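> Got a structure for you, written out below as structure tokens; questions coming shortly.
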Amino acid sequence: MSNYEVIVIGGGHNGLVNAAYLARAGRKVLVLERRHVVGGAAVTEEVFPGFTFSVCSYVVSLLRPEIIRELELPRHGLEILPLDGTFTPMPNGDYLWRVNDHAKTRREIARHSKVDAEAYDEYGKAMVDMGRFVKPILSMTPPDPTSLDPRGLMDLLSLGRRFQALSDQDKYNQIQLMTMSAVDFLDQWFETDVLKATMSASGIIGTFLGVRSPGTAYVLLHHYMGEIDGAFRSWGLSRGGTGAISNAIAGAALEAGAEVRTDTSVSKVIVKDGVAVGVVLENGDYLTCQVVSSSVDPNLTFLHMVGTEHLPDEFVSDVRRYKFRGSSGKVNLALDALPDFTCLPGPGAHLRGAVSISPSIDYMERAYDDAKYGRYSRRPYVDIVIPSLTDPSVAPPGKHVMSCFVQYAPYHLREGTWDEHKDAFGDSVINTLAEHAPNIKNIILHRQVLTPLDLEREWGLTEGNIFQGELTLEQLFFLRPAPGWAQYRTPIKNLYMCGSATHPGGGIMGAPGRNAARRILKETGGRR
Ligand SMILES: Cc1cc2nc3c(=O)[nH]c(=O)nc-3n(C[C@H](O)[C@H](O)[C@H](O)COP(=O)(O)OP(=O)(O)OC[C@H]3O[C@@H](n4cnc5c(N)ncnc54)[C@H](O)[C@@H]3O)c2cc1C
């Protein structure tokens, strides 16, 4: 028994945002987190003595400014440090290095193509316009297009009006972004292969698609919508790692009166006569409440915790059809020194931003070819950051931590298991890096390899999908996580969803948690 009004399942950043808003509105809230630490995929841990890693997610941009403001996250320790630019080494000994300084980037692109340097400005402007159109959608509850609910109809109408107000060119761009591949979209603007390859990489993150697959242009836009201190589409590092973001949100939730329990795994949602009335913990304890808000994915929530016997068949079919298809892995390295890139030797500012192993479109597509046929990429796309250069607190003096996000690592392997292939996968990432920075093998002190199976086992991410389900068009907006159930409600009364599997999806954004809290409050009597 308990006297909690709301139990939030999962203490990832969305569960914590949800709890913070509900507690601030006067609800008695308990967050239950299975791991020993809060944060979910936004977590910092000392993986090797003295070396602290953002173990999963590593850069931040999408976190909604209204959440930072309303929860006063800087007061709770949030500090975002700018990440300056993207450096892409090329096999021919050249490189592409885009930085936040507009004039410098223009000159750098002009070194590859004068036409592209001109187009880059126009492209940047068009994407900002697109982002401006989509951004308000992130904070809204998706209207159900099949319903005659006047509020939903008004929302649809207002969306239509905003679309109408776009310039003709922006309208075409918007439709193209929703339908094209990242490469086809970028082809319309640019001619330089390495520029298109490295830009298209944002279109495949967390999806089981290649840069030439239709639908990836939208994911590109999804990753463009962030802002830091009002600077649109900029990315940053959180001081203390991405776990510091979760800790700041947890601080806001605790201050508002929420309770957070770690090392506490939920095994069942108790359903009586179609109504959620509490949860059962793995240790057998029962906790009753008026509302259950689940931040774990639909597979865990419905097929494991609720049970299909309580759900309509059609909804169960939709949940079974929901696509996870994890495609990413992570390699975290503790280093004795900095990597030395052949194309730009020495410890320069190029190491302070992201380093992207995405030298050509064919390279990116070949990496996907491996995955299509059930193998991890032998020469993967790797997105690297070295946070110790910006935030020295994460490694001992003179040493470094390096985070390597890797695609593709398909959850379903054609041969063997991930446990069998884990080391070889790590080796393929290191070998790929060594092609560009040959000293890497000599400076590795420790390495942590995370496969999609590890992401599933340790973080409860089904099939290792980093966004709790692919960000493909058929799983977005009023279709996320299932048609008719995109408004944070579920077929079980008093059971809500508040994690990345709901609109607007994955990334350290907080929007699902905040939108779901608004919904819960609306349906349970509002603010007190
Ligand atoms: C490898 C990787 C790299 C990424 N990189 C980035 C990045 O650089 N930038 C970015 O913006 N996004 C990134 N992402 C995506 C982003 O981290 C996630 O979309 C986001 O953190 C998800 O937050 P969430 O709160 O919705 O869910 P989660 O973080 O998945 O939280 C769910 C929580 O529920 C807990 N849980 C699971 N089962 C139970 C149970 N039975 N009982 C109780 N608790 C349970 C889990 O332990 C977890 O803490 C990355 C993700 C991964 C995995």
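The sequence shown lines up with residues 617 to 1144 when you count with this note's numbering.
We put the CB at the ideal spot given by N, CA and C, even for glycine.
This one's a predicted model, so the numbers in the text were calculated from it and none came from an experiment.
I need the boundaries of the alpha helix (DSSP H) containing Gln790, first residue and last residue.
Walking along the sequence shown from the start, residue 790 turns up at place 174. Note, Gln790: alpha helix (DSSP H), 784 to 795.
> Name the two residues that bound the continuous alpha helix (DSSP H) containing Tyr637.
Here residue 637 refers to the residue found at position 21 of the sequence shown. Residues 629 to 640.
> Taking the alpha-carbon positions, what's the Lys741 to Gln785 distance?
In the sequence shown, counting from the first residue as 1, residue 741 sits at position 125. In the sequence shown, counting from the first residue as 1, residue 785 sits at position 169. Computed Cα separation, rounded: 12 Å.
> For Ala817, count neighbouring C-beta atoms within 10 Å of its own C-beta (all shown protein chains included) and say buried if the count is 16 or more, exposed if not.
Taking the sequence shown and counting its residues from 1, the one referred to as residue 817 is at position 201. With 16 or more other Cβ atoms within 10 Å, it is buried.
> Report the option in Tyr997, Leu949, Glu1072, Leu782 whose CA atom is closest to the CA atom of Thr814.
Taking the first residue of the sequence shown as 1, we reach residue 814 at position 198. Nearest option by C-alpha distance: Tyr997.
> Is Ser911 close to ligand 1? I mean its beta-carbon at under 6 Å from any heavy atom of the ligand.
For this step, residue 911 is matched to residue 295 along the sequence shown. Within the cutoff, so yes.
> Could you tell me the alpha carbon to alpha carbon distance between Val935 and Gly1115, rounded to whole angstroms?
Sequence index remark: in the sequence shown, residue 935 carries index 319 (1-based). Sequence index remark: in the sequence shown, residue 1115 carries index 499 (1-based). Each residue's alpha carbon lies about 15 Å from the other.
> Is any heavy atom of ligand 1 found at a distance shorter than 6 Å from the C-beta of Arg650?
Counting from one through the sequence shown, the residue named residue 650 turns up at place 34. It does: the Cβ of Arg650 is within 6 Å (strictly closer) of some heavy atom of ligand 1.
> For the alpha helix (DSSP H) that contains Asp956, what are its first and last residues?
Reading the sequence shown from its first residue, position 340 is the one you call residue 956. Unbroken run through Asp956: none, as it is neither H nor E.
> Can you find the residues in the same chain that come closer than 8 Å, C-beta to C-beta, to Cys1020, ignoring five residues on each side of it along the sequence?
As a first step, residue 1020 must be located in the sequence shown, where it is residue number 404. Closer than 8 Å at Cβ, skipping near neighbours: Lys946, Val947, Asn948, Leu949, Val998, Asp999, Ile1000, Val1045, Leu1049.
> Taking C-alpha atoms, which residue in Leu646, Arg1130, Phe664 lies nearest to Ile1060?
Position 444 of the sequence shown, counted from the start, is the residue given in the question as residue 1060. Proximity to Ile1060 across Leu646, Arg1130, Phe664 peaks at Phe664, based on C-alpha coordinates.
> Here's a check: name, in chain order, each residue in its chain whose Cβ is nearer than 7 Å to the Cβ of Asp732, leaving out the five neighbours to either side.
Position 116 of the sequence shown holds residue 732. Within the same chain, Asp732 has close Cβ partners Ile725, Phe806, Glu807, Thr808, Leu811.
> Using alpha carbons as the reference points, say which of Asn915, Pro1128, Thr878 lies closest to Glu682.
Against the sequence shown, residue 682 aligns to sequence position 66. With distances taken between Cα atoms, Glu682 lies closest to Pro1128.
> Comparing the CB of Glu658 with every heavy atom of ligand 1, is any distance shorter than 6 Å?
Your numbering for residue 658 matches position 42 in the sequence shown. Per the sequence shown, residue 658 should be read as Ala rather than Glu. True, at least one ligand heavy atom lies under 6 Å from that Cβ.
> Do Phe703 and Val971 have their C-beta atoms within less than 7 Å of each other?
Indexing the sequence shown from 1 puts residue 703 at position 87. Indexing the sequence shown from 1 puts residue 971 at position 355. In contact: Phe703 and Val971 (Cβ atoms closer than 7 Å).
> Write down the C-beta distance between Gln792 and Phe801 rounded to the nearest angstrom, noting that I regard them as a contact closer than 8 Å.
By 1-based counting over the sequence shown, the position of residue 792 is 176. By 1-based counting over the sequence shown, the position of residue 801 is 185. Yes, Gln792 and Phe801 are in contact; Cβ-Cβ is about 6 Å, under 8 Å.
> Check whether the stretch 1080 to 1098 and the stretch 1050 to 1059 touch, using three or more Cβ-Cβ pairs below 8 Å as the test.
Counting Cβ pairs under 8 Å, fewer than three are found: no touch.
> Among Tyr992, Trp1034, Leu853, which residue has its Cα nearest to the Cα of Val1022?
Residue numbering aside, residue 1022 sits at position 406 when the sequence shown is read from its first letter. The shortest C-alpha separation from Val1022 is found at Tyr992.
> For Lys946, verify whether its CB is less than 6 Å away from any heavy atom of ligand 1.
As a first step, residue 946 is located in the sequence shown; it is residue number 330 there, counting from the start. For ligand 1, at least one heavy atom lies less than 6 Å from the Cβ of Lys946.
> Hey, is Gly1115 close to ligand 1, as in C-beta under 6 Å from one of its heavy atoms?
For the purposes of this step, residue 1115 is identified with residue 499 of the sequence shown, where counting begins at 1. Yes.
> Whole angstroms are fine: how far does the CA of Val715 sit from the CA of Asp952?
Within the sequence shown, the letter at position 336 stands for residue 952. Within the sequence shown, the letter at position 99 stands for residue 715. Straight-line Cα distance between these residues: approximately 26 Å.
> For Glu1031, does the three-state DSSP call read helix, strand or coil?
Counting from 1 along the sequence shown, the entry for residue 1031 is found at position 415. DSSP places Glu1031 in coil when its eight states are reduced to three.
> Report the option in Glu695, Thr721, His839 whose CA atom is closest to the CA atom of Arg855.
One-based indexing of the sequence shown puts residue 855 at position 239. Residue Glu695 is the option with its Cα nearest to Arg855.
> Looking at the unbroken beta strand (DSSP E) that takes in Phe703, where does it start and where does it end?
Position 87 of the sequence shown, counted from the start, is the residue given in the question as residue 703. Start and end: 702 to 705.
> Would you check if there are 3 or more beta carbon pairs closer than 8 Å linking the stretch 887 to 896 to the stretch 654 to 671?
The stretch 887 to 896 is not in contact with the stretch 654 to 671.
> Are Gly628 and Ser911 touching if we call contact CB-CB under 7 Å?
Counted from its first residue, the sequence shown places residue 628 at position 12. Counted from its first residue, the sequence shown places residue 911 at position 295. Yes, they are a contact pair.
> Counting only runs of 3+ residues fully inside the stretch 854 to 901, write out the beta strand (DSSP E) ranges in chain order.
875 to 877, 882 to 888, 891 to 897
> Touching or not, the stretch 877 to 889 and the stretch 642 to 654, by the rule of three or more beta carbon pairs under 8 Å?
Taking 8 Å as the limit for Cβ pairs, the verdict is that the stretch 642 to 654 does touch the stretch 877 to 889.
> State the start and end residues of the unbroken beta strand (DSSP E) segment that holds Ala970.
Position 354 of the sequence shown, counted from the first residue, corresponds to residue 970. Taken as a continuous stretch (DSSP letters only), the beta strand (DSSP E) holding Ala970 covers 970 to 973.
> For Tyr834 versus Met770, is the C-beta spacing smaller than 7 Å?
Mapped onto the sequence shown, residue 834 falls at position 218. Mapped onto the sequence shown, residue 770 falls at position 154. Not in contact: Tyr834 and Met770 (Cβ atoms no closer than 7 Å).
> How far does the beta strand (DSSP E) with Asp999 in it reach, from first residue to last?
Translated into positions along the sequence shown, residue 999 becomes position 383. Element bounds for Asp999: 997 to 1001.
> Nearest to Gly819 by alpha carbon, out of His920, Ser909, Glu981?
Translated into the one-based positions of the sequence shown, residue 819 becomes position 203. Nearest option by C-alpha distance: Glu981.
> Flag Leu687 as yes if its beta-carbon sits less than 7 Å from any beta-carbon of chain B, otherwise no.
Among the protein chains of the structure shown there is no chain B, as only one such chain exists.
> Please report the distance separating the alpha-carbon of Pro1012 from that of Ile1002.
What you label residue 1012 is simply residue 396 of the sequence shown in a count that begins at 1. What you label residue 1002 is simply residue 386 of the sequence shown in a count that begins at 1. Pro1012 and Ile1002: Cα-Cα distance of roughly 14 Å.
> Cβ atoms of Arg1135 and Thr1118: under 7 Å apart, would you say?
What you label residue 1118 is simply residue 502 of the sequence shown in a count that begins at 1. What you label residue 1135 is simply residue 519 of the sequence shown in a count that begins at 1. Result no, Cβ atoms of Thr1118 and Arg1135 do not sit closer than 7 Å.
> Could you give the distance in angstroms between the alpha-carbon of Arg1105 and the alpha-carbon of Ala735?
Here residue 1105 refers to the residue found at position 489 when the sequence shown is read from its first residue. Here residue 735 refers to the residue found at position 119 when the sequence shown is read from its first residue. Each residue's Cα considered, the two are about 44 Å apart.
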